[in-house]
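Chemist: Quick one: this structure, given as structure tokens, is what I'll be asking you about.
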Amino acid sequence: MTTSSPTTNDLDWLAEQYVLGELSAEDAARFEAALADSPAACEAVVAASRLVLSLQTVGWAVPTTTTVTSPAKELVGTAHPTDRRSGRLGRQLVAIAAVAACCLVLVLAWSPVRPTTADRQVRAEVIQARELMDHWRGGRSFAGPLIASEEDDEAADLGDAAPSWMLAAVSIEKQKPAHPTDEDDVLEDN
Amino acid sequence: MSPTATPGPEPADHSFGDKGSGDHGTGDKGPESADDLRGFLSGEGRLSPSDVQALYAAQGHEVLLFLMGLLRNRELADEALQNTFQRVLEQGHTARSESLKGWLFKVSYHEAMALKRRQATQDRVLRKYGDREVRPFDSHPVSESELRLVRDEDLARLREALNQLPAEQRQVVERRIDREQTFAVIAQELKLPLGTVLTRMRLALEKLRRQLRDTNESP
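Chains as they are written, first to last, in our numbering: chain Z, 1 to 190; chain F, 1001 to 1219.
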């Protein structure tokens, strides 16, 4: 960047950069030195100062000064404020808002339809409790398990994983009484 | 009156626009136009207070803008302006060999540089001893007093011109002026070469400057 015999536009641009504080220290010092003897440079500083101060106080429109993060806001921030473009922008915003609303409705509508695992368990327990109450009222014995114990759960698990001959052995052992009867003695004698 | 003053005739090619607000010094004593001022300077002795007041009305606004550009601080600019017109009061009658406006610019320039040096020294001392946080030299929030430097018609024309700028140019101007981002940051955020950002800013300012000049030159 040089200050030697610049054109008017160059001088104006130099002055604007100087007023904005964009010149390097060396260039700024050189420009200031030129100001001492150049009324034209002084006039350029006056014009630059007037322009920059006016721009600082012009009151930038709200849509263009907001810190935009979302795509919709970016559209607002970068749009040229002519009628045609603002009309297109409005349609785009309406479309984005409509899509967002649809997504929200779908999410809200979908969530209560799908019961969770806990919901299903609670419902099964309620049904079982109602059956139990019906049986008690009718004086009948209840065939099903009153409370599902951990052993039942283990047996159910074994039923899935263990072979049938192993389960048969376990069931025979379970039916065997703690004290041998007379019939057992006879059989042992034989 | 200073008996040592040796005033001479004002050169015929001197011209300075009368762009002052006209609300100061329009009384019955002082001159109201640049020609009147030129006539005052061709007289003998020091300028009277009313002459200085008239000079302030005619040129004070531009000198203040010049000082704002140099100092970027309204308080310092006001101080420099006051010192400048104090010098006018003391030595204004000697301004005969050059245009009055040029002389005013020169005086205000030296006053501004003196203030700048003094401010830099003060800041250095304060930083050294850490008495208080030193305000950055360039920080000058727009105040009510600054608003008076800007004319309403300028703002109206500027708004109109801003709306006519291409979006990419307006974006750069807004980021630089309103968000106070440097050109380097703007280039980084917009993923553009620095030269492109500078070109956009330059083109935008050229258009805006033209609009403001048209405003100021129109009657």
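Built from N, CA and C at the ideal position, the CB exists for glycine as well.
Pick out whichever of Pro-1166/F, Glu-1062/F, Tyr-1109/F has its Cα sitting closest to the Cα of Arg-1200/F.
Modeler: Pro-1166/F
Chemist: Does the beta carbon of Arg-1118/F come closer than 8 Å to any beta carbon on chain Z?
Modeler: no
Chemist: Leu-93/Z to Val-1197/F, Cα distance in whole Å?
Modeler: 29 Å
Chemist: Could one say the Cβ of Arg-137/Z lies closer than 8 Å to chain B's Cβ atoms, at least one of them?
Modeler: Protein chains Z and F are contained in the structure displayed, whereas chain B is not.
Chemist: With a threshold of 6 Å on Cβ separation, who are the neighbours of Leu-23/Z within its own chain once the five nearest residues in sequence on each side are excluded?
Modeler: Gln-17
Chemist: Looking at Ala-15/Z: is its Cβ nearer than 8 Å to the Cβ of Ala-44/Z?
Modeler: yes
Chemist: Please tell me whether Gly-1022/F has its Cβ less than 8 Å away from any Cβ of chain Z.
Modeler: Below a pLDDT of 50, predicted positions are generally treated as unreliable, and Gly-1022/F, at 36, falls in that range; the measurement from the model is reported next regardless. Gly-1022/F does not count as touching chain Z.
Chemist: Quick check: Leu-1155/F and Val-58/Z, are their CB atoms within less than 8 Å of each other?
Modeler: Cβ distance < 8 Å, so Leu-1155/F and Val-58/Z count as in contact.
Chemist: Could you check what DSSP says for Asn-1163/F in three-state terms: helix, strand or coil?
Modeler: In the structure shown, Asn-1163/F sits in a helix (DSSP, three-state: H, G or I).
Chemist: Does the structure place the stretch 1088 to 1096 of chain F close enough to the stretch 1112 to 1126 of chain F that three or more beta carbon pairs sit under 8 Å?
Modeler: no
Chemist: Any beta carbon from chain F within less than 8 Å of Asp-12/Z's own beta carbon?
Modeler: At least one chain F Cβ lies under 8 Å of Asp-12/Z.
Chemist: So Gln-1169/F packs on Ala-1204/F, CB below 8 Å; how close in whole Å?
Modeler: 4 Å
Chemist: Have a look at Thr-1084/F and Ala-40/Z and give me their C-alpha separation to the nearest angstrom.
Modeler: 19 Å
Chemist: Would you say Glu-74/Z lies against chain F (beta-carbon separation less than 8 Å)?
Modeler: Low confidence applies here, because Glu-74/Z scores a pLDDT of 40, under 50, leaving its location unreliable; read the following figure in that light. Answer no: the Cβ-Cβ gap between Glu-74/Z and chain F never drops below 8 Å.
Chemist: Could one say the Cβ of Gly-21/Z lies closer than 8 Å to chain F's Cβ atoms, at least one of them?
Modeler: yes
Chemist: So Asp-12/Z and Arg-1209/F are supposed to be a Cβ contact under 8 Å. How far apart are they, rounded?
Modeler: 6 Å
Chemist: Taking the continuous alpha helix (DSSP H) assigned at Asp-10/Z, which residues delimit it?
Modeler: Unbroken alpha helix (DSSP H) run through Asp-10/Z: 8 to 20.
Chemist: Is Val-105/Z helix, strand or coil by DSSP?
Modeler: helix
Chemist: On the CB-based measure, 16 or more other CB atoms within 10 Å of its CB, does Arg-91/Z come out buried or exposed?
Modeler: exposed
Chemist: Going by CA-CA distance only, name the one from Leu-1047/F, Ile-1186/F, Leu-1190/F that's closest to Thr-1094/F.
Modeler: Of all alpha-carbon atoms in Leu-1047/F, Ile-1186/F, Leu-1190/F, the one lying nearest the alpha-carbon of Thr-1094/F is that of Leu-1047/F.
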